[in-house]
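Enquirer: Pasting a structure below so you can have a look.
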Amino acid sequence: MPTREIYWNIDHHTLLYAVFVFALAIFSYGMYRRARLWFSGQKEETFGQISRRLLFTLRNVVSHRGILRETRPGIIHALMFFGFTALFIGTCLVAIQVHLGWPILYGNFYLYYSLSLDVFGALFVGGILLAAVRRYLFEQKFLRNTRDDAVILGLLFSILLTGFMVEGARIAVTSPPWSEYSPVGYIFSKLLVAALSKSQGTQTCTAAAISTLHRTIWWIHMMLAMGFIAYIPYSKLLHLFTAPLNIFLHSTRPKGALKPLALEDVEAKTLETRVFGVLSPKDFTWKQLLDVDACMRCGRCDSQCPATLAEKPLKPQKIILDIRSQMEADTQGRLPGGKISDAEIWACTTCRACVEHCPVNIEHLQKIIDLRRGPGLMEGKYPAEITRAIKNIQFQKNPYGLGNEQREDWMQGLDIKRLSASDGAILFWVGCAGAFDNRNRQTTRAFVRLLKEMKIDFCVLGREEMCCGDPLRRVGNEMDFQQLVKQNIAVFKKYNVKDIVTCCPHCFNTLKNEYPQFRGNFNVLHHTELISKNGNRIKDLLNKKTRATLSDKTITYHDPCYLGRHNDVYEGPRELLCLLPDTELREMERSRDRSFCCGGGGGHMWMEQRLGKNINEMRTDQALETGADIIATACPYCLTMLSNALKAKDREDVKVLDIVEVLAGG
Ligand code: SF4
Ligand code: SF4
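One rule links them: number in the numbering used here = place in the sequence shown (from 1) + 8.
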């Protein structure tokens with residue numbers, strides 16, 4: 009019956025167990041040290057929904073969904089991962105047979121086992137070679153090569169090579185009739201015999217010589233494998249454990265919601281231990297510290313980060329690795345303004361591209377906000393323009409610093425209802441940009457006209473509306489944010505508000521995803537969603553006027569980060585644009601979840617761009633490359649940033665319009 013003798017030709021194999029215990033001890037010590045570092049962090053919310061999480065992790069790991077988003081590196085990783093998994097399972101089966109005495113590796117099962125392991129082993133080797141070629145022969149802008157990478161690739165390659173040599177030597181001596189079920193081992197057996205014969209200057213070599221070689225390589229193979237086990241916690245290989253664990257413990261908050269700071273919990277601490285936000289690694293939660301240990305330095309976050317691509321000081325991967333190295337050096341060491349510079353922390357536009365593209369669910373954005381919260385809340389440290397914007401919100405309830413009495417100026421000449429308690433109309437949340445910024449007032453008025461034409465019953469809060477709090481939260485001022493949210497919720501409850509629509513994705517995201525953290529649960533729609541829901545009515549409205557003014561125009565759509573990546577609203581706006589007759593919708597190279605930020609989020613609407621290139625101009629160049637006559641978008645910040653860039657480029661022949669303006673005929 010087809011099988012093979014385990015430990016064939018190996019004397020004193022029990023010695024291996026001693027080495028294994030030693031390797032396991034080094035491994036366990038390393039894991040213990042990592043776990044001790046993680047648990048130096050703060051407590052974390054509890055993790056329920058175990059079976060849902062298990063399924064999610066299994067689906068992610070098995071499908072390699074996140075990894076395969078980048079096709080070439082994804083395939084290389086898949087070859088290595090599935091090769092490794094198959095060989096690991098194969099080794100476990102051997103161990104079960106030897107130690108539990110279960111007769112597993114016999115007959116047909118053995119033949120398929122042998123064949124599968126050879127095939128997966130060969131694919132694994134292929135993956136290693138491709139990874140080495142990619143790393144060392146082609147310049148990879150976002151991939152850092154360290155000694156660790158070379159050691160890992162070398163170690164894996166050596167383990168596989170010696171494994172095939174051991175198999176080849178065994179086949180050469182025992183010549184089993186089923187050796188074709190070990191195709192790679194069979195080839196190695198021929199190569200070994202040829203090589204040995206040549207070295208001995210004879211036509212054939214003796215079985216004794218091959219047996220000796222087999223024994224030697226077997227021990228080398230085993231020592232390398234034990235070295236591999238011991239090396240895991242001290243190298244990038246740690247992600248074999250931390251990556252699936254991190255995926256399992258992924259946040260279940262809506263994508264666009266930042267974690268609320270539990271102000272009461274922090275206030276309950278003693279003065280010495282009280283820290284709002286993060287000043288050093290110990291101020292992160294243990295889950296956030298585990299997060300940084302899951303990074304496998306793939307560079308995908310950097311490759312998508314607009315700040316990195318605009319040559320600003322920020323690289324999201326570096327933020328993660330800096331937190332890790334500070335955690336290893338001293339969990340009490342200073343992070344913001346220390347290991348991580350203020351320039352890095354404030355270069356982030358909160359676009360969420362890094363989080364979206366990280367295959368192991370690392371949350372860069374939450375950490376960057378925590379690093380803003382620390383110096384902001386503990387030391388009052390914000391960039392000067394941000395301090396001004398915060399003061400404006402504190403005193404005028406809007407970041408523009410304009411008197412609140414001007415909040416209704418855009419309404420002149422339009423007959424608009426104010427909200428009253430008995431009214432069941434949908435609340436149109438205008439937002440500060442829509443109410444105070446001259447260009448965005450045009451969008452607001454266009455939307456109101458459209459609502460009226462569509463006969464949708466709506467009303468506004470007028471001067472009772474305040475900033476939704478998004479700018480405060482994104483710059484790290486959680487205290488003022490929470491205060492403002494509670495005030496807004498009180499107003500909504502006073503008027504029994506149930507449905508809200510807004511043109512601003514920042515307001516939309518905060519009202520929809522973050523207000524529920526403070527018991528403010530409302531049905532919130534972005535204006536594109538409300539229009540889509542009334543699809544038939546809008547079709548009727550796309551009348552001759554639209555046809556005449558937009559006919560033969562080419563439109564490109566810029567996905568606002570807070571609508572797209574933060575809320576997965578990608579198709580609705582496009583479907584609306586496709587309703588326009590005689591127009592062509594042309595996609596930019598970076599669109600949907602790969603969309604490039606306009607540069608206005610995360611407080612940057614109020615900050616000068618002093619370092620690197622201008623993100624808004626880069627995005628405008630991408631839009632201009634499509635040859636479009638109109639850049640359509642659905643966000644007041646994007647509208648402002650892209651309009652400014654067109655002005656700077658002297659390309660005002662191209663229009664930037666909100667979708668409602670496009671639907672109204674430009
Ligand atoms: S959120 Fe955007 S800008 Fe900030 S680090 Fe991530 S990719 Fe870069
Ligand atoms: S943080 Fe995520 S995307 Fe960035 S390098 Fe690490 S694993 Fe890759």
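Beta carbons: idealized from backbone N, C-alpha and C, even for Gly.
In chain order, what residues of the same chain have a beta carbon less than 6 Å from the beta carbon of Gly470, not counting five sequence neighbours either side?
Expert: Cβ contact annotation for Gly470 (same chain, cutoff 6 Å, sequence separation greater than five): Glu416, Arg426, in chain order.
Enquirer: Here's the rule I'm using: 16 or more other beta-carbon atoms within 10 Å means buried, otherwise exposed. How should His107 be labelled?
Expert: Exposed, since its Cβ has fewer than 16 Cβ neighbours within 10 Å.
Enquirer: Would you tell me roughly how many angstroms separate the C-alpha atoms of Pro367 and Cys309, rounded to the nearest one?
Expert: 9 Å
Enquirer: Taking a cut-off of 7 Å, which residues have a beta-carbon closer than that to any heavy atom of ligand 2, in chain order?
Expert: Counting every residue whose Cβ lies closer than 7 Å to a heavy atom of ligand 2, we get Ala302, Cys303, Met304, Arg305, Cys306, Gly307, Arg308, Cys309, Asp310, Pro324, Gln325, Ile328, Cys362, His365, Cys366, Pro367, Val368, Ile370, His372.
Enquirer: Should Tyr356 be listed as close to ligand 1, given that the test is whether its C-beta is under 6 Å from any heavy atom?
Expert: Note that residue 356 is Cys in the sequence shown here, rather than Tyr. True, at least one ligand heavy atom lies under 6 Å from that Cβ.
Enquirer: Are the CB atoms of Lys290 and Gln340 within a distance shorter than 7 Å?
Expert: A contact, by the Cβ cut-off of 7 Å.
Enquirer: Quick one: give me the first and last residue of the alpha helix (DSSP H) that Lys663 is part of.
Expert: First-last for Lys663: 663-666, but that is the beta strand (DSSP E), not the alpha helix (DSSP H).
Enquirer: Express the C-alpha separation of Pro10 and Gly115 in angstroms, rounding to a whole number.
Expert: 5 Å
Enquirer: Applying the criterion that 16 or more other CB atoms from any shown protein chain within 10 Å of the CB defines a buried residue, is Gly635 buried or exposed?
Expert: exposed
Enquirer: Under three-state DSSP, which class holds Cys606?
Expert: coil
Enquirer: Out of Glu522, Gly98, Leu458, which one is the CA nearest neighbour of Asp548?
Expert: Nearest to Asp548 by alpha-carbon distance, out of Glu522, Gly98, Leu458, is Leu458.
Enquirer: Would you say Ala315 touches ligand 4, meaning its beta carbon is less than 6 Å from a heavy atom?
Expert: Of the ligands one can find in the structure shown, namely ligand 1 and ligand 2, none is ligand 4.
Enquirer: Given this structure, state the Cα-to-Cα distance separating Asp350 from Met39, to the nearest angstrom.
Expert: Going from the Cα of Asp350 to the Cα of Met39 covers about 32 Å.
Enquirer: Go to Trp110, then tell me how far its beta strand (DSSP E) extends in each direction, as first and last residue.
Expert: Where Trp110 is concerned, there is no enclosing beta strand (DSSP E), given that its DSSP letter is neither H nor E.
Enquirer: Measuring from the CB of Arg12, is there a heavy atom of ligand 1 at a distance below 6 Å?
Expert: no
Enquirer: Using the Cβ count rule (16 or more neighbours within 10 Å means buried), how would you classify Arg7?
Expert: Not covered by the structure: residue 7. The range shown for the chain is 9 to 674.
Enquirer: Terminal residues of the continuous beta strand (DSSP E) containing Trp437?
Expert: 434-437
Enquirer: Going by Cα to Cα distance, which pick from Met615, Gln525, Gly432 is closest to Ala392?
Expert: Met615
Enquirer: Which whole-angstrom value describes the C-beta separation of Val668 and Thr451, a residue pair presumed to lie in contact below a C-beta threshold of 8 Å?
Expert: 6 Å
Enquirer: Return the CA-CA distance between Leu101 and Gly129, expressed in angstroms with no decimal places.
Expert: 16 Å
Enquirer: Going by CA-CA distance only, name the one from Lys375, Thr536, Val577, Ile394 that's closest to Ala454.
Expert: Thr536
Enquirer: With distances taken between CB atoms, is the gap from Arg600 to Thr564 smaller than 7 Å?
Expert: no
Enquirer: Answer yes or no: the CB of Arg602 versus the heavy atoms of ligand 1, is any distance below 6 Å?
Expert: Checking the Cβ of Arg602 against ligand 1 gives no.
Enquirer: In the DSSP assignment, find the alpha helix (DSSP H) that holds Tyr189 and state where it starts and stops.
Expert: Taken as a continuous stretch (DSSP letters only), Tyr189 belongs to no alpha helix (DSSP H), as it is neither H nor E.
Enquirer: Would you say the beta carbon of Arg282 comes nearer than 6 Å to a heavy atom of ligand 1?
Expert: no
Enquirer: Look at the alpha carbon of His372 and the alpha carbon of Ile327, and state the distance between them as a whole number of angstroms.
Expert: 8 Å
Enquirer: Should Glu522 go down as buried or exposed, given a rule of 16 or more other Cβ atoms within 10 Å for buried?
Expert: So Glu522 counts as buried.
Enquirer: List the whole-angstrom C-beta distance separating Met231 from Phe28, where the pair is believed to meet the contact cut-off of C-beta under 8 Å.
Expert: With a Cβ gap of about 11 Å, Met231 and Phe28 do not count as contacting.
Enquirer: Say yes only if the C-beta of Cys646 is nearer than 6 Å to one or more non-hydrogen atoms of ligand 1, and no if none qualify.
Expert: no
Enquirer: Report the residue from Cys569, Lys347, Asn254 whose alpha carbon sits nearest the alpha carbon of Val69.
Expert: Asn254
Enquirer: Do you know offhand how far Arg545's Cα is from Met462's?
Expert: 6 Å
Enquirer: In the structure shown, what three-state DSSP assignment does Asn531 receive?
Expert: strand
Enquirer: Ends of the beta strand (DSSP E) at Thr214?
Expert: Here Thr214 belongs to no beta strand (DSSP E), and DSSP marks it neither H nor E.
Enquirer: Is the closest heavy atom of ligand 1 to the C-beta of Cys512 under 6 Å?
Expert: no
Enquirer: Could you check where the beta strand (DSSP E) with Ala640 kicks off and where it finishes?
Expert: 638-641
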